[in-house]
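Residue numbers (the working numbering): 60 to 277. Ideal placement from N, C-alpha and C gives every residue a C-beta, glycine not left out.
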């Protein structure tokens with residue numbers, strides 16, 4: 060982990076959060092994958108279900124975005140993220156807001172949905188995808204990291220880990236519906252977006268896929 064990523068971890072004021080952040084930055088491939096997708100298309104990014112705002116700090120450290128708004132309906136995480144932004148001197152640069160992911164925001168650009176969809180029922184997933192698409196600028200990319208319903212040991216392990224996350228109280232609600240790729244691809248393509256899918260397991264045992272939907276530039 061390089062010095063910039065250590066600074067991100069050390070901006071969080073609780074030792075458990077610092078430990079969590081260091082582990083995520085060291086092992087989770089979603090952050091580098093998102094940065095690579097938006098790096099050469101400079102525009103703001105809306106992070107729906109941003110948690111403690113880790114993606115925003117990472118993208119800023121990499122110079123990958125021109126603006127960032129993270130929204131989450133868990134006030135505890137937004138407060139923790141805003142404390143970290145103040146400690147790092149980024150509270151005037153990056154924004155975190157307590158807000159439902161279905162609400163319309165003023166930002167238009169890229170959109171990230173990392174580990175969010177399976178906490179909603181099927182109809183809620185479709186509504187959230189529609190709202191995410193509405194925030195895409197021409198040339199913008201919707202970056203989704205999600206569990207996909209399939210038969211594999213990774214899928215079984217992920218479902219078990221989600222149970223313990225919910226039981227621990229870290230997640231306010233447990234997993235509701237694991238979508239198939241068809242359930243994601245159909246509404247995105249119907250919105251005129253081009254869609255690609257690849258695995259994003261990385262060094263983890265979890266069932267993770269990267270779904271990228273792109274709006275054509277004008």
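(message) If I follow the unbroken alpha helix (DSSP H) through residue 147, where does it start and stop?
(response) 134-147
(message) Buried or exposed for residue 142, going by 16 or more other Cβ atoms inside 10 Å?
(response) buried
(request) Evaluate residue 136 with the Cβ neighbour count: other Cβ atoms within 10 Å of its Cβ, from every protein chain shown; 16 or more gives buried, anything less gives exposed. (result) buried
(message) Counting beta carbon pairs with one atom in the stretch 152-160 and one in the stretch 68-79, are three or more of them shorter than 8 angstroms?
(response) no
(message) Just checking: is the beta-carbon of residue 89 within a distance shorter than 7 angstroms of some beta-carbon in chain B?
(response) Absent here is chain B; the protein component of the structure consists of one chain.
(message) Would residue 266 and residue 206 be called neighbours here (beta carbons separated by less than 7 angstroms)?
(response) yes
(message) If you reduce the DSSP assignment to three classes, tell me which class residue 164 lands in.
(response) coil
(request) Taking residue 120 and residue 64 to be in contact with their CB atoms under 8 angstroms, please state how far apart those CB atoms are, rounded to whole angstroms. (result) 7 angstroms
(message) According to DSSP, is residue 203 part of a helix, a strand, or is it coil?
(response) strand
(message) If I measure Cβ to Cβ from residue 97 and keep anything under 8 angstroms in the same chain, skipping five residues before and after, which residues do I get?
(response) 104, 118, 123, 124, 169, 200 and 202
(request) Using 10 angstroms around the beta-carbon of residue 204, count the other beta-carbons present and answer buried if the total reaches 16, otherwise exposed. (result) buried
(message) Just list the residues that DSSP pairs residue 156 with in beta bridges.
(response) 130
(request) Examine the Cβ distances between the stretch 144-152 and the stretch 80-93 and report whether three or more of them are shorter than 8 angstroms. (result) no
(message) On a Cα-Cα basis, can you pick out the residue from 71, 257 and 178 that is closest to residue 107?
(response) 178
(message) Looking only at its chain, what residues have a beta carbon closer than 6 angstroms to the beta carbon of residue 181, apart from the 5 residues adjacent to it on each side?
(response) 236
(request) Check whether the Cβ atoms of residue 252 and residue 234 lie closer than 7 angstroms to each other. (result) no
(message) Quick check on the burial criterion: 16 or more other C-beta atoms within 10 angstroms. Buried or exposed for residue 70?
(response) buried
(message) Output needed for residue 183: all residues of its chain with C-beta closer than 6 angstroms, excluding positions within five of it in sequence on either side, in chain order.
(response) none
(request) Report, in whole angstroms, the separation of the C-beta atoms of residue 240 and residue 194, which I expect to be a contact under 8 angstroms. (result) At roughly 22 angstroms, the Cβ-Cβ gap does not stay under 8 angstroms, so residue 240 and residue 194 are not in contact.
(message) Mapping the DSSP letters down to three states, classify residue 245 as helix, strand or coil.
(response) helix
(request) Note down, in chain order, each residue of its chain lying with its Cβ closer than 7 angstroms to the Cβ of residue 264, except the 5 sequence neighbours on either side. (result) 213 and 216
(request) Let me know the secondary structure DSSP gives residue 179 once reduced to three states. (result) coil
(message) On the criterion of 16 or more Cβ atoms from any shown chain inside 10 Å, does residue 83 qualify as buried, or is it exposed?
(response) buried
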